[in-house]
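If you're matching positions, the sequence shown starts at 0 in numbering that gives the first Met the number 0 and goes up one per residue. Yeah, the Cβ is synthetic: ideal placement off N, Cα and C, and Gly gets one too.
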Amino acid sequence: MGERMTREEFLERVFSQRYEELEGRELRLVRVRVPGREISLAQLIGTSQRELYQNLGLHIGTHLGEDHTGETIGILNLTPWESTIAAADVAMKSGQVELGFLDRFSGTVILLGSHAEVRSALEQVLLYFREELHFNVCPLTER
0 MGERMTREEF LERVFSQRYE ELEGRELRLV RVRVPGREIS LAQLIGTSQR ELYQNLGLHI
60 GTHLGEDHTG ETIGILNLTP WESTIAAADV AMKSGQVELG FLDRFSGTVI LLGSHAEVRS
120 ALEQVLLYFR EELHFNVCPL TER
């Protein structure tokens, strides 16, 4: 087993060689994403228009035939992605909101309902994740 390199030695070795010297050699690039414990997006979208909820796919699948025009949309993005399940649970228990979408593989939760109910649900999720689970939590934004 070889000697352990410092970070600086590794970077010098990787980036100081010219491309021609590496050509023809077998190289492997590894991309690593280490999700933190955070809510990186908490957005409240006021009155929705038909185009918005249709582009989000909120009129298909389990929502087939539903009309969400005029409802408020709440969007959360969380890591680790599995935490979307806990976020949806907290949101659904905190008020009269509908789960528009949940993707535990991308960390996305979309909530639907009245402005006051969606706002309250998002606030409860942020509070729970900040205070109980000790996540880094972004502020709730609204446009």
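Mapping DSSP to helix, strand and coil, what is residue i?
i           : result
leucine 139 : coil
leucine 126 : helix
leucine 40  : strand
Alpha carbons only, please: which of the options is nearest the one belonging to residue i?
i             : options                          : result
glycine 35    : Leu121, Val136 and Thr140        : Val136
threonine 78  : Ser105, Ile109, Ala115 and Thr5  : Ser105
glutamate 122 : Ile38, Arg12, Glu2 and Arg3      : Ile38
threonine 107 : Ile72, Asp66 and Thr5            : Ile72
asparagine 76 : Thr140, Glu2 and Gln48           : Thr140
isoleucine 74 : Glu81, Phe134 and Ala120         : Ala120
alanine 115   : Leu132, His133, Glu130 and Val96 : Val96
Cutting at 6 Å between CB atoms, please list the residues of its own chain near residue i, excluding the five before and the five after it.
i              : result
glycine 69     : Thr46
arginine 142   : none
glycine 124    : Here the sequence assigns valine to residue 124, which means glycine is not the residue at that position. Here the set comprises Ala86, Val89 and Ala90.
glutamate 81   : Arg103
isoleucine 109 : Ile74, Gly99 and Phe100
Going by beta carbon distance, what residues of the same chain come within less than 7 Å of residue i, once the five residues before and after it are set aside?
i                 : result
tyrosine 127      : Val89
arginine 118      : Leu43
isoleucine 143    : The structure shown has nothing for residue 143, since the chain only spans 0 to 142.
glutamine 48      : Thr68
phenylalanine 134 : Arg36, Glu37, Ile38 and Phe128
Once you ignore the five residues that flank residue i on each side, which residues in its own chain have a CB closer than 8 Å to its CB?
i            : result
methionine 4 : Arg12
Is there contact here, the stretch 43-55 with the stretch 79-96, by at least three beta-carbon pairs under 8 Å? no
- Message: Extract the residue ranges of the alpha helix (DSSP H) inside the stretch 61-113, only unbroken runs of 4 or more that lie entirely within it.
- Response: Segments of the alpha helix (DSSP H) lying fully in the stretch 61-113: 82-93.
*asked:* Can you confirm whether the stretch 41-49 touches the stretch 99-106 when touching is taken to mean that 3 or more C-beta pairs between the two stretches lie within less than 8 Å?
replied: no
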